[in-house]
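Going by the working numbering, the sequence shown opens with residue 18, and the numbers climb by one from there. Beta carbons: idealized from backbone N, C-alpha and C, even for Gly. As the structure is a computational prediction, the values presented were derived from the model and not from experiment. As structure tokens, the structure follows; a few thoughts come after it.
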Amino acid sequence: MRYSQIRTCDINNGNGLMVTLWTQGCSVRCSEKCHNKHLWSFEEGKEFTDETIEKIITLLNSPQNFACLGGEPIESVNLNMLEKLFKRIKEVYPNKEIWLWTGRLFDDIKELSLFKYVNYVIDGGYNEMLNEKGLLWRGSKNQRNIDVQESLKQNKIVLSKYN
18 MRYSQIRTCD
28 INNGNGLMVT
38 LWTQGCSVRC
48 SEKCHNKHLW
58 SFEEGKEFTD
68 ETIEKIITLL
78 NSPQNFACLG
88 GEPIESVNLN
98 MLEKLFKRIK
108 EVYPNKEIWL
118 WTGRLFDDIK
128 ELSLFKYVNY
138 VIDGGYNEML
148 NEKGLLWRGS
158 KNQRNIDVQE
168 SLKQNKIVLS
178 KYN
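See the structure below:
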């Protein structure tokens, strides 16, 4: 797994002040107007290691929650390290929220074991034709802000209170 950056005081991605990780690499490439097109390459960025996990854990020792964007976080090369990171966050800070953005549909990936640690997922690829100003934490109307734990419990999509 590779990543582009970690931002420590992010107010744009998630509810409140966030520590935010941007993964490197994206095979979805949903739009030429992607906000993070510079993160499409799998070759760039830095190697994500156990030390990176511990750095994030240290940064979360404050009121912040955690956000993960990309690139595309839900790439097969990322799944093991992301699950390890999410599990570690919940072990140390069980009440921290984990937010995840993906160009994939939650319906197609909800069986991934890492979702047992995720609070909210913003799913769906950016669609320029459905772009609308004022969408909270979403770029286009087709994207959904999903309450992951309620969705898993009820076995159906439950939109979050932030949708």
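A straight line joining the alpha-carbon of P111 with that of K63 spans about 27 Å. As computed with DSSP, S157 is found in a beta bridge with N148.
When Q22, L34, G142 are compared, the shortest CA-CA separation from I115 is found for L34. Take F132, set aside five residues on each side of it, and the residues of its chain with a beta-carbon closer than 7 Å to its own are V165, L169, in chain order.
Non-local C-beta neighbours of N30 in its own chain, meaning closer than 8 Å and more than five positions away in sequence, comprise T37, A84, L86, W116, W118, W154, ordered along the chain. In this structure, DSSP gives K173 a state outside helix and strand, which the three-state scheme calls coil.
G142 and T69 have their C-alpha atoms spaced approximately 27 Å apart. In the structure shown, F65 falls within a coil segment according to DSSP collapsed to helix, strand and coil. Listed in chain order, the non-local C-beta contacts of L76 below 6 Å within the same chain comprise T25, V36, local neighbours out to five positions each way being set aside. By DSSP's assignment, C85 forms a beta bridge with L38, L117. By the Cβ neighbour-count rule, I91 is buried, with 16 or more other Cβ atoms within 10 Å of its own.
R24: member of the beta strand (DSSP E) spanning 19-27, first to last residue. 9 Å or more divides the Cβ of L176 from the Cβ of K158.
Listed as beta-bridge partners of D164 by DSSP are Y137.
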